[in-house]
Structures are given as structure tokens and as C-alpha cells.
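See below for the structure under consideration.
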Amino acid sequence: DNLFKRMAEFGLDSGRRVKGVTIIKPIVYGNVAQYFGKKIEEDGHTHQNEDISAYVKKIHFKLHESYGSPFRVVTKPPYEIIETRWDEFEIIIKIFFIDPNERP
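Residues in the sequence shown are numbered consecutively from 1, following the UniProt record's numbering.
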């Protein structure tokens, strides 16, 4: 009970840390390949991801240099880039947190 009072007092936007509190959020990254032979309905989603905007300020993506603009910055959820391509390549991802004490 006392811990929650301390968290409410200092909050995420205060820039101050709460001693003894660790927040862990899983971050899923990767790619998906799908066949476009059959169009998916607009409302055919099966999952909804958690909104991490309370923790994430922005994400920098560095795609393969063959893209016209390989450096991308995403500042709003769902923090994703959607591209169509036939081959595979590495992507560099840098996550910037709202908490100024957390390094990217």
C-alpha cells in the first residue's frame, strides 16, 4: 500500500525514481511474412498489443540502405513500420524511453 502511494507521488512524468521499484515490460520485435493471395478483412485482427506509450517516447529504425529513406522515427503507437519486400535484412532498432534516466 505504501509503495503505491510513493509511486503515485513521484509518477512517470516527474523524472524522479522510486527506490525499490522496477518496471519490466516485454518488447516484441521481428518481422512477419504473409501471402497476399487472399485479402484479409480490415477488422480481421486477432490480437491487440499493450499500449507502451506511457514508457516509450520514440523508436528509431534503421532499415537496409536500399530503401529510399532507411532511417525512420516512429513517435506514436503501435511503433511499427510496415514494408513490402521479397528478401531478408537486418534492422537496427533504438528505443527511447520517456523516463530521462533510462538510456536508449
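Quick reminder that beta carbons are idealized off the backbone N, C-alpha and C, glycines included.
Quick caveat: nothing in here was measured; it's all calculated off a predicted structure.
Contacts around tyrosine 29, its chain only, beta-carbon distance under 7 Å, and the 5 residues preceding and following it disregarded: Reading the sequence shown from its first residue, position 29 is the one you call residue 29. If we look at tyrosine 29 and ignore the five residues flanking it on each side, its Cβ neighbours are Ile93.
Which whole-angstrom value describes the C-beta separation of lysine 76 and proline 70, a residue pair presumed to lie in contact below a C-beta threshold of 8 Å? Along the sequence shown, one-based indexing puts residue 76 at 76. Along the sequence shown, one-based indexing puts residue 70 at 70. Contact doesn't hold; Cβ gap of about 20 Å is too wide.
Give every residue of the same chain whose Cβ lies closer than 6 Å to the Cβ of isoleucine 27, excluding the five residues on either side of it in the sequence, and list them in chain order. By one-based count along the sequence shown, residue 27 stands at place 27. Beyond the five residues adjoining it in sequence on each side, isoleucine 27 comes within less than 6 Å, by CB distance, of no other residue in the same chain.
Exposed or buried, what is valine 73 when buried is set at 16 or more other beta-carbons lying within 10 Å of its beta-carbon? For the purposes of this step, residue 73 is taken as residue 73 along the sequence shown, with counting starting at 1. Exposed, since its Cβ has fewer than 16 Cβ neighbours within 10 Å.
Specify, as a first and last residue, the run of the beta strand (DSSP E) that valine 73 falls within. The residue given as residue 73 occupies position 73 in the sequence shown. Bounds of the beta strand (DSSP E) holding valine 73 are 71 to 74.
Taking the alpha-carbon positions, what's the proline 104 to phenylalanine 96 distance? By one-based count along the sequence shown, residue 104 stands at place 104. By one-based count along the sequence shown, residue 96 stands at place 96. Distance between the alpha carbons of proline 104 and phenylalanine 96: 5 Å.
Starting from lysine 94, follow its DSSP beta bridges and name the residues at the other end. Position 94 of the sequence shown, counted from the start, is the residue given in the question as residue 94. Bridge partners of lysine 94: His60.
Closest residue to residue 132 among Val21, Glu88 and Pro100 (Cα-Cα distance): The displayed coordinates of the chain run from 1 to 104. Any statement about residue 132 would go beyond what the structure contains.
Take the Cβ of isoleucine 24 as the centre, count every other Cβ of all protein chains shown within 10 Å, and call the residue buried at 16 or more, exposed below. Numbered from its first residue, the sequence shown carries residue 24 at position 24. Isoleucine 24 comes out exposed.
As assigned by DSSP and simplified to three states, the class of histidine 45: If you number the sequence shown from 1, residue 45 lands on position 45. The predicted position of histidine 45 is uncertain, since its pLDDT is 47 and thus under 50; a value taken from the coordinates is nonetheless stated next. Three-state DSSP puts histidine 45 in coil, outside helix and strand.
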